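Add 238 to a position in the sequence shown, counting from 1, and you land on the number used in the numbering used here. No residue lacks a Cβ here, since even glycine has one placed at the ideal position from N, Cα and C. If you're wondering where the values come from, they're calculated on a predicted model, not measured in any experiment.
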Amino acid sequence: MNFLRGVMGGPSAGPQPSGADTIQKLCDRVASSTLLDDRRDAVRALKSLSKKYRLEVGIQAMEHLIHVLQTDRSDSEIIGYALDTLYNVISNDLEEEEQDDSEEENSAKQVDDLGSQFTEIFIKQQENVTLLLTLVEEFDFHVRWPGVKLLTSLLKQQGPQVQQIILVSPMGVSRLMDLLADSREVIRNDGVLLLQQLTKSNAAIQKIVAFENAFERLLDIITEEGNSDGGIVVEDCLLLLQNLLKNNNSNQNFFKEGSYIQRMKPWFEVGDDNCGWSAQKVTNLHLMLQLVRVLVSPTNPPGATSSCQKAMFHCGLLQQLCTILMATGVPADILTETINTVSEVIRGCQTNQDYFASVNAPSNPPRPAIVVLLMSMVNERQPFVLRCAVLYCFQCFLYKNQKGQGEIVSTLLPSTIDATGNSVSAGQLLCGGLFSTDSLSNWCAAVALAHALQENATLKEQLLRVQLATSIGNPPVSLLQQCTNILSQGSKVQTRVGLLMLLCTWLSNCSIAVTHFLHNPANVPFLTGQIAENLGEEEQLVQGLCALLLGISIYYNDNSLENYRKEKLKQLIEKRIGRENFIEKLGFISKHELYSRAAQKPQPSFSSPDHMMFDHEFTKLVKELEGVISKAIYKSSEEDKKEEEVKKTLEQHDNIVTHYKKVIREQDQELEELKQRINTLTSQNEQLQATVTQQVSQIQQHKDQYNLLKVQLGKDNQHHNSHGDTLQMNGIQTEEVSKLKEELEEWKNKHELLQGQLREKDSVIEKLSSSQLEMGATEQASQISKFGGLEHSNELQKELEMLRSQIQLQSAEISKLQMENQKLQVMNATADPVLRDSGAAAATSSELEGRLEQEIKELKSEVKALSEEKESLKQQLDSSSSTVAILQDEKSKLQREVAESKKEQDDLLVLLADQDQKISALKIKLKDLGVPVEDEDDTESGDQGDEDEDGDEEEQDENAAVCYHEN
């Protein structure tokens, strides 16, 4: 301290040293002093002078301070002073705070340049930044905190260069991520600020930070601080999250897959009383809404946006946002940002759009949220920013939503309008805004209605049915006609631009709407008059839109009106406007500055209501049609015909392609189903294989256990005498004999079953043969000889004899087997007492073994023969069953023929009866005429003994039957 008093001045006499001299002496002291205390005091003095003499300290002391950081790392106090001094020299924050409002901007620029120059000197040696990263790892508060502040200041001054040094430094980013886990809030909060600067505009560092578990840590901090009710720390965390997620598809996907979207839902829980929000809460909630918008921004890849939208719906985040939307007392800027956020969450997502359509405002009676929002849009008292947000919400609701478009248009159609007038529909609000005196309402309503017709030819045709009652006593006018009437009245430019955009959207790709537009004879002269005039710059935009509308009327004209065919309209343009002049006026649209702004992004963002001229979707339509219309103006009628033919061919081709796409889609579905089936079968197969493997292993285990038992039994049996051995062997053989007996019993049972089946077949065959004999007795000889029934029955009888003989042979074989079985039983009976006798000789046991083995072999061969005979019996049964089936077919055929012959006989009897009646009638007539006629009894008695006459009568009967059939 004595040194400091001598250097900085004290009670000593003489002239006082200047600041530069003092700094020079301190720098010399830092460089040359051998005592650590002296160097520490000198660095402390430099720190106190660094705020006032920033330039001098920076120039003279920076090198010495860096040397201190390198050599005196063991003393945390001197390191802390050195880091604070460097921070004061490099940072511009202190200078900016001390500046008065009256200072000029030049001084501020000089300050910025000074900090940037010192930063450049510091980072010229990359080892300095690496050294600083090492110091930041120190846990000592007096080292870590100033190190964090200094590194943050370096990033502010020379961000890209410092980022690159940290990126190539080993574990550089990971070291800084540890700051978020520091228990000291000051260091943790400044660590968040450091990471904010580190992640600016550097995708590589953003990915590393994200994969170092930054999302988890930041969300934990936000939750600990109280979500939206937290302080400025929550704001800093949200800004860092925006840096990590904005325009970084990889981090967005990681955020979604990590289920971090679900953790955002508690941020937007608001109570019933929303009055008196603090400025910090408004800021926090605003940043939270912006973070949601970052995830679902239209500039993101469509797939990523769609997946985030679905996740927000399923976790209830969209429902929470709609609650804020319909709540009372919410600040205007938060309400506006919430509307914009809901817009992008539902944009292009059918599920979210359907949910939004079902949301009702808490009013009495309840009204749909869309209707409430449209009421704000067409109300000129509402803030301009809020009206733009509502328009954007309505556009997003209708984007790729044909169902929603149809619902909006249906509220305008005559069949769906509420006649009672109790409720206001969306269509009525749009019509009211379209024809109000406020030009901004006109423009917003026209653009909203145009979005309801976007890429939907069916609704364009349906909207032609809409009729409007203009005044009492006058007939209703169509909506299309009313729009053209307002155009011709010379309203404000903004109103006319909105109506012309609506008409261009309505008529594009809809020939019926073009025909309706041209049917009014005043429309074409009005458009040509507007285009041909030389007006000021404000009217040039209207002229360009009129040229576009006239070009659409030509390009989509189906030539159904004779006076307004394509060729005649082209001639009209050539005569009154000139083709070159027409193309020039058409080009006014795309050259306009407001057109370029609107084409940049879907959200309508205008600095003032006067700049609200173009819609984003309309700029796409202009870009699509401008070149096509220019070509169509110069085409001849022959080229138009060829183009129409090409269009028809293309339409046919498109239909074919659509058909094949449908077929391919169906095939893909079938393939998916088959793949699923294959997967299920594969899984089942794997399960079965696993069970088989398990069973095989179990079987192997049982085999191993069996072998072990066998070995153990063998060892035990070695201690027994020979009698025990013979007893065991014979015991095993008796088991085999019992098994063979069981097999014989089974064969007997099967044989009895076969015999029973044969008996049944025999009875069926006998019945069939008896029925055939009965039919043969009743049928005529010619029919029996025709089908050969007797021969067939003889063949069946032969087959029956053969089967009976085979059965007898089999019964003989079975009796033989029974005898052999009895012998075996006798042998077993004789063998048992021998086995019981413990003093029997070994020779007797060997003889018994040989005999038993021989008998077992014979029994096995006999069993094999029986199985073969069983197979032959099965074959014979099959042949007999086929024979029975053939006989049944023959029987049915014969029965049908008998029925037919009976029917013919009945017909002949009827004919004979008719002939007898006719003959008797003729005889009566002959008797009446006096002709002598013989009586029937006489002729019959005379003809009974004559066979030739009988033959004549039979021939007469046959002739009569033939006559009957001919008739």
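Which residues does DSSP list as the beta-bridge partners of residue i?
{"i": "Ser716", "result": "Gln705"}
{"i": "Pro606", "result": "Asn598"}
Once you ignore the five residues that flank residue i on each side, which residues in its own chain have a CB closer than 8 angstroms to its CB?
{"i": "Pro621", "result": "Ala570, Thr574"}
{"i": "Lys519", "result": "Ser466, Asp467"}
{"i": "Phe492", "result": "Ala448, Phe449, Phe453"}
{"i": "Ile827", "result": "Leu779, Gly782, Leu783, Leu786, Tyr833, Val860, Glu864"}
{"i": "His1203", "result": "The predicted model places His1203 with a pLDDT of 41, which falls under 50 and marks its position as unreliable; any figure quoted below should be read in that light. Around His1203: no qualifying Cβ."}
With a cut-off of 8 angstroms on the beta carbons, I'd call residue i and residue j a contact; round off their distance for me.
{"i": "Met850", "j": "Leu697", "result": "No, Met850 and Leu697 are not in contact; Cβ-Cβ is about 25 angstroms, not under 8 angstroms."}
{"i": "Ala836", "j": "Asp853", "result": "6 angstroms"}
{"i": "Arg734", "j": "Leu740", "result": "Not confirmed; about 11 angstroms, so no contact."}
{"i": "Ala688", "j": "Thr743", "result": "4 angstroms"}
{"i": "Ser391", "j": "Ser329", "result": "4 angstroms"}
{"i": "Leu756", "j": "Ser791", "result": "6 angstroms"}
{"i": "Asn489", "j": "Gln528", "result": "About 16 angstroms separates the two Cβ atoms, so there is no contact after all."}
{"i": "Val580", "j": "Cys560", "result": "7 angstroms"}
{"i": "Ser868", "j": "Leu807", "result": "Going by Cβ atoms, the distance from Ser868 to Leu807 rounds to 15 angstroms, so no, they are not a contact pair."}
{"i": "Ala595", "j": "Gly671", "result": "Incorrect: roughly 20 angstroms between the Cβ atoms, too far for contact."}
{"i": "Val235", "j": "Gly296", "result": "Beyond the ends of the chain as shown, which are 239 and 1205, falls residue 235; an answer cannot be given."}
{"i": "Val367", "j": "Ile359", "result": "About 12 angstroms; that fails the 8 angstroms criterion."}
{"i": "Cys235", "j": "Glu582", "result": "There is simply no residue 235 to check, as the chain begins at 239 and stops at 1205 in what is shown."}
Quick one: residues in its chain with C-beta nearer than 7 angstroms to the C-beta of residue i, no 5 flanking neighbours on either side, listed in chain order?
{"i": "Val1240", "result": "Nothing about residue 1240 can be reported from this structure: the residues present for the chain run from 239 to 1205 only."}
{"i": "Ala258", "result": "Glu294"}
{"i": "Phe820", "result": "Ile769, Ala785, Ile811, Ile871"}
{"i": "Pro604", "result": "Asn598"}
{"i": "Asn440", "result": "Gln401"}
{"i": "Arg426", "result": "Leu417, Leu418, Asp420"}
{"i": "Asn797", "result": "Arg803, Lys804"}
{"i": "Arg545", "result": "The identity of residue 545 in the sequence shown is Ser, whereas the question assumes Arg. Taken in chain order, the residues that qualify are Lys494."}
Going straight from the alpha carbon of residue i to that of residue j, what length do you get?
{"i": "Phe1207", "j": "Thr309", "result": "Residue numbering for the chain in the displayed model covers 239 to 1205; residue 1207 lies beyond these limits and cannot be assessed."}
{"i": "Gln364", "j": "Pro408", "result": "13 angstroms"}
{"i": "Leu779", "j": "Asn795", "result": "24 angstroms"}
{"i": "Asn639", "j": "Val866", "result": "27 angstroms"}
{"i": "Ala1199", "j": "Leu1149", "result": "Only weak support is given to the placement of Ala1199: the predicted model assigns it a pLDDT of 42, under 50, and the value that follows is read from those uncertain coordinates. Computed Cα separation, rounded: 7 angstroms."}
{"i": "Lys1161", "j": "Asp1145", "result": "24 angstroms"}
{"i": "Gly1026", "j": "Thr918", "result": "Note that Gly1026 scores 45 on pLDDT, short of 50, meaning its location in the model is unreliable and no value can be drawn from it."}
{"i": "Val597", "j": "Arg585", "result": "16 angstroms"}
{"i": "Lys839", "j": "Leu479", "result": "23 angstroms"}
{"i": "Ser874", "j": "Asn758", "result": "26 angstroms"}
{"i": "Glu1178", "j": "Gln1133", "result": "Note that Glu1178 scores 44 on pLDDT, short of 50, meaning its location in the model is unreliable; the coordinates nonetheless yield the value given after this. Taking the straight line from one Cα to the other gives about 36 angstroms."}
{"i": "Gln922", "j": "Leu909", "result": "19 angstroms"}
{"i": "Ile403", "j": "Cys682", "result": "51 angstroms"}
{"i": "Asn578", "j": "His830", "result": "27 angstroms"}
{"i": "Lys1207", "j": "His552", "result": "Here the chain comprises residues numbered 239 to 1205, so residue 1207 is not present and cannot be evaluated."}
{"i": "Thr543", "j": "Gln355", "result": "43 angstroms"}
{"i": "Phe632", "j": "Ala686", "result": "7 angstroms"}
{"i": "Ile1206", "j": "Arg422", "result": "Outside the displayed span of the chain (239 to 1205) sits residue 1206, for which this structure offers no information."}
{"i": "Thr437", "j": "Val374", "result": "18 angstroms"}
{"i": "Ser960", "j": "Glu980", "result": "Note that Ser960 has pLDDT 45, beneath the 50 cutoff, so the model's placement of it is unreliable and the number below is only indicative. Cα to Cα, Ser960 sits roughly 30 angstroms from Glu980."}
{"i": "Ala419", "j": "Arg413", "result": "11 angstroms"}
{"i": "Tyr944", "j": "Gln1114", "result": "44 angstroms"}
{"i": "Ser729", "j": "His891", "result": "46 angstroms"}
{"i": "Val616", "j": "Cys748", "result": "28 angstroms"}
{"i": "Asn538", "j": "Cys513", "result": "36 angstroms"}
{"i": "Leu745", "j": "Ala751", "result": "5 angstroms"}
Enumerate in chain order the residues of its own chain whose CB-to-CB distance from residue i is below 6 angstroms, with the five nearest sequence positions on each side excluded.
{"i": "Leu859", "result": "none"}
{"i": "Glu784", "result": "The identity of residue 784 in the sequence shown is Cys, whereas the question assumes Glu. Leu765, Gln768, Ile769, listed in sequence order."}
{"i": "Leu324", "result": "Leu303, Leu388"}
{"i": "Glu495", "result": "none"}
{"i": "Ala299", "result": "Cys265, Leu284"}
- request: Please specify which runs of the alpha helix (DSSP H), each continuous and at least 4 residues long, are wholly inside the segment 559-644, giving them in chain order.
  value: 570-584, 588-596, 607-615, 622-636
- request: Go through the segment 775-857 residue by residue and report every complete run of the alpha helix (DSSP H) that reaches 4 residues or more, in order.
  value: 775-793, 804-814, 817-824, 826-829, 831-836
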